[in-house]
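Number of protein chains: 4
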Amino acid sequence: MITIKIIYHSGYNHTKKQAEHVKIGADKVDNTKVDLVTTEEAIKDIDQFANVDAIIFGSPTYMGSVSADFKQFMDASSSAWFNRSWKDKIAAGFTNSGSMSGEKMNTLNTFIAFAMQHAMIWVGQAELDGSPKEEPGKPDAINRIGSALGAMAQSIQLSPDQTSASSGDLKTAEILGQRVANITKKFKS
Amino acid sequence: MITIKIIYHSGYNHTKKQAEHVKIGADKVDNTKVDLVTTEEAIKDIDQFANVDAIIFGSPTYMGSVSADFKQFMDASSSAWFNRSWKDKIAAGFTNSGSMSGEKMNTLNTFIAFAMQHAMIWVGQAELDGSPKEEPGKPDAINRIGSALGAMAQSIQLSPDQTSASSGDLKTAEILGQRVANITKKFKS
Amino acid sequence: MITIKIIYHSGYNHTKKQAEHVKIGADKVDNTKVDLVTTEEAIKDIDQFANVDAIIFGSPTYMGSVSADFKQFMDASSSAWFNRSWKDKIAAGFTNSGSMSGEKMNTLNTFIAFAMQHAMIWVGQAELDGSPKEEPGKPDAINRIGSALGAMAQSIQLSPDQTSASSGDLKTAEILGQRVANITKKFKS
Amino acid sequence: MITIKIIYHSGYNHTKKQAEHVKIGADKVDNTKVDLVTTEEAIKDIDQFANVDAIIFGSPTYMGSVSADFKQFMDASSSAWFNRSWKDKIAAGFTNSGSMSGEKMNTLNTFIAFAMQHAMIWVGQAELDGSPKEEPGKPDAINRIGSALGAMAQSIQLSPDQTSASSGDLKTAEILGQRVANITKKFKS
């Protein structure tokens with residue numbers, strides 16, 4: 531049995547939807563226990579990550595980087611950093627914003643710097659951009675935004691209980707979750 | 531009179547087309563002299579940049595960063611770096627690749643690190659993503675990719691003498707050129 | 531008269547000390563009004579930045595990026611972003627952490643992505659590493675850490691009312707402040 | 531038996547020395563075959579990487595990023611990228627420059643973007659900065675520069691056949707090599 535925690539912050543449910551699809555993907559792999567954890571819950575009990583095999587980070591991109599809520603979780607992990615208690619865990623990440631690029635890469639770079647400070651091992655998004663040539667960014671294409679460091683989604687603002695993330699972006703999140711679970715299994719068993 | 535050089539490398543004419551549109555935009559500003567320079571020409575005569583007011587960098591994004599040809603130009607500028615001869619010049623950048631994100635932001639970050647080592651002043655792309663909400667990444671929308679550090683374009687591969695860059699991406703390049711010329715004028719006169 | 535605000539967060543007074551030296555440098559330039567503002571004060575009144583000529587960002591690097599407190603300020607500026615009210619202002623930044631590199635560059639990259647989203651103009655740290663060859667990182671050398679994107683400092687933890695930042699790092703902060711004031715003056719008058 | 535290739539470019543032997551120490555570290559792990567490959571050799575035969583278990587990248591940082599020679603190798607790998615032939619290989623990196631920070635982090639970020647485009651798995655430098663508090667950046671301290679994304683070294687220019695890399699930087703390179711070999715073994719066997 532391998533254990534994975536998906537820790538995320540979501541302001542308007544877009545990143546939450548993405549997180550749920552990362553979980554759907556990871557759950558497809560046998561003998562995995564996958565939990566969704568909000569940053570609020572994580573900050574209250576940072577020790578819950580000490581014994582998991584993989585941690586997947588999810589945050590909206592606000593003003594060019596992770597949200598302040600997600601950053602609070604990052605800062606709250608400094609004792610785990612000092613004790614090296616996340617060393618050699620598998621890490622990955624996903625992010626959402628309102629436009630195609632929108633400096634989302636800086637959020638993924640920030641996740642990676644964070645994971646490397648924790649001596650974790652980084653797994654990215656392995657699918658090539660699946661958009662048809664005549665229709666770049668097609669809503670139902672896998673990795674339509676063309677991101678390798680982690681999974682990206684682009685959403686417009688709908689009502690709070692809805693998400694506008696495209697079917698392709700959500701499928702991309704699933705594939706990331708599945709990939710992380712498979713690699714964790716190979717590495718940890 | 532202010533002088534601007536646009537230094538670019540282009541493998542399949544996409545970045546060249548973008549460079550030409552940056553020039554179209556800069557030429558719209560009165561009393562500017564704007565030259566297009568290929569990396570090949572630039573490397574032969576790196577001193578040609580010593581007396582210009584602004585330098586705009588353009589490169590395709592290959593394998594996650596500037597092309598090797600563009601990097602040769604960067605490395606060839608080390609004497610100018612040592613002599614601080616580009617200090618306080620205005621700098622900006624643009625890049626093209628086959629997908630929406632495609633780690634193009636790392637190319638712009640690399641331009642910025644380079645410009646800062648030369649003690650230049652960085653001007654980005656100031657337009658918000660102009661895509662209609664119901665159609666993110668719309669081909670004719672200004673800054674449809676949603677990049678702030680510089681101008682991004684996404685092109686598919688057509689025949690060598692054609693470019694597939696969208697009308698929005700080319701218009702975005704023009705606006706960047708115009709902005710750089712205006713700011714250079716304000717700063718240098 | 532040009533106006534500059536230095537907005538900073540400081541956990542253990544190291545970044546505060548750095549901020550004070552940025553102000554010392556900016557104050558050396560005639561006809562400048564320079565204010566220090568904490569993130570706490572800034573968040574309460576984000577409109578205070580609307581009419582200044584330059585904004586200088588300062589944050590410790592915690593877990594590979596800006597502190598959560600500084601990120602709260604960044605997120606609180608989203609209305610100014612939407613209204614483009616910081617457009618064409620001069621921007622610069624500085625950061626401190628416990629080791630030489632310590633991923634401080636990601637903090638500066640995050641400042642730059644933020645400034646570019648606000649359509650600001652970025653000014654970096656223009657001095658070459660002044661360390662003697664036989665003693666790299668010498669405490670009293672200008673830009674001893676060798677950063678171009680902004681000013682870096684390295685501090686160890688002393689008592690709360692003391693700072694361990696080296697004399698070279700504080701002098702580097704001063705030079706950044708002076709450079710920003712000079713460039714702002716040239717650009718805004 | 532696991533196989534590791536260390537692919538590097540070195541202008542003045544500093545990065546070469548670092549590469550040799552990465553190999554020393556990897557060789558300490560049983561049942562590993564570790565080869566040093568220059569970028570020149572690699573470009574002539576890019577297929578040599580298809581069957582190895584791990585690839586470690588090494589480049590000097592020139593003008594804020596990898597050297598043009600190293601970038602040529604990166605660009606030459608585009609067919610391997612298209613065929614996904616490096617997928618799931620372990621990746622890591624190291625870089626050298628003349629100052630402590632010197633934007634070396636952008637070189638490591640560029641390695642990571644490259645590795646992620648190839649769907650590789652990234653392993654960083656896991657040791658905390660071992661400098662004594664009273665002497666940050668001490669030449670014989672492990673990870674004295676404080677880098678987590680990969681191994682950094684700082685060297686001054688001596689005669690071509692000598693290297694000035696500190697004993698701590700070379701030991702840091704060894705530890706990276708050993709870590710990559712151990713993780714590759716765990717993952718690939």
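From first to last, the protein sequence lines stand for chains A, B, C and D. Quick note: the first sequence uses my numbering, first residue 531, plus one each step. Quick note: the second sequence uses my numbering, first residue 531, plus one each step. Quick note: the third sequence uses my numbering, first residue 531, plus one each step. Quick note: the fourth sequence uses my numbering, first residue 531, plus one each step. Where is the CB? At the ideal position from N, CA and C, for every residue including glycine. Values in this document were obtained by computation on a predicted structure and should not be read as measured data.
- Contact between residue 588(A) and residue 640(A) is absent: CB atoms are separated by about 13 Å, not below the 8 Å threshold.
- Secondary structure of residue 537(B) (DSSP, three-state): strand.
- Put simply, of 610(D), 678(D), 635(D), 590(D) the residue whose alpha carbon is nearest the alpha carbon of residue 649(D) is 610(D).
- The alpha-carbon separation between residue 636(A) and residue 614(D) amounts to approximately 25 Å.
- Cβ contact annotation for residue 657(C) (same chain, cutoff 8 Å, sequence separation greater than five): 672, 673, 702, 705, in chain order.
- Residues of the segment 631-652 of chain D that bring their beta carbon within less than 8 Å of a beta carbon in chain B comprise 633, 636, 639, 640, 643, 644, 646, 647, in sequence order.
- Under the three-state reduction of DSSP output, residue 588(B) falls in the strand class.
- Annotated as distal: residue 553(B) and residue 584(B), with beta-carbon spacing of 9 Å or more.
- The CB of residue 678(C) comes closer than 7 Å to the CB of 633 in chain D, given here in chain order.
- Close partners of residue 629(A) in chain B (Cβ separation under 9 Å): 658, 659, 661, 666, 667, 673, 674, 675, 676, 677.
- Three or more Cβ pairs closer than 8 Å define a contact, and the segment 550-566 of chain B meets that threshold against the segment 708-716 of chain B.
- Cβ-Cβ distances below 8 Å link residue 646(C) to 652 in the same chain, with the five nearest sequence neighbours on each side left out; the list follows chain order.
- For the options 593(C), 601(C), 595(C), the alpha carbon positioned closest to that of residue 592(A) is the one of 601(C).
- Of the residues assessed, residue 687(D) falls on the exposed side of the cut-off, its CB having fewer than 16 other CB atoms within 10 angstroms.
- Per the C-alpha coordinates, the member of 618(C), 533(C), 540(C) positioned closest to residue 603(C) is 540(C).
- Remark: C-beta atoms of residue 632(B) and residue 684(B) approach each other more closely than 9 Å.
- Among the residues of the segment 593-610 of chain C, those with a Cβ less than 9 Å away from any Cβ of chain A are 593, 594, 595, 596, 597, 598, 599, 600, 601, 602, 603, 604, 605, 606, 607, 608, in the order of the chain.
- In the three-state reduction of the DSSP assignment, residue 706(D) falls in the helix class.
- In this chain, the beta strand (DSSP E) harbouring residue 626(C) covers 620-627.
- When the Cα atoms are used, residue 581(C) and residue 718(C) turn out to be separated by approximately 12 Å.
- Against residue 617(C), the close residues of chain B are 656, in the order they occur along the chain (beta-carbon pairs closer than 7 Å).
- Membership of residue 687(B) in any beta strand (DSSP E) is not indicated, and neither H nor E is assigned to it by DSSP.
- As the crow flies, the alpha-carbon of residue 697(D) is around 13 Å from that of residue 681(D).
- As computed with DSSP, residue 564(A) is found in a beta bridge with 534(A).
- The alpha-carbon separation between residue 595(D) and residue 626(D) amounts to approximately 11 Å.
- DSSP, read as helix, strand or coil, puts residue 595(A) in strand.
- In chain order, 535, 567, 572 place their CB closer than 8 Å to the CB of residue 578(A), counting only its own chain and leaving out the 5 sequence neighbours on each side.
- Using a Cβ distance threshold of 9 Å, residue 620(C) and residue 537(C) do not count as a contacting pair.
- Residues of chain D with a Cβ closer than 9 Å to the Cβ of residue 717(A) are, in chain order, 651, 713, 716, 717.
- Beta-bridge partners assigned by DSSP to residue 554(C): none are found.
- Against chain B, a Cβ distance below 7 Å from residue 705(A) picks out nothing, because the smallest value is about 16 Å.
- The Cβ neighbour count for residue 699(B), taken over all protein chains shown within 10 Å, is at least 16; the residue is labelled buried.
- Secondary structure remark: continuous beta strand (DSSP E) runs of at least 3 residues inside the segment 646-686 of chain D, in chain order: 651-653, 681-684.
- At least one C-beta of chain D is nearer than 9 Å to the C-beta of residue 687(C).
- In terms of CA proximity to residue 598(A), 569(A) leads the group 679(A), 607(A), 531(A), 569(A).
- Rounded to the nearest whole angstrom, the C-alpha separation of residue 543(A) and residue 642(B) is 34 Å.
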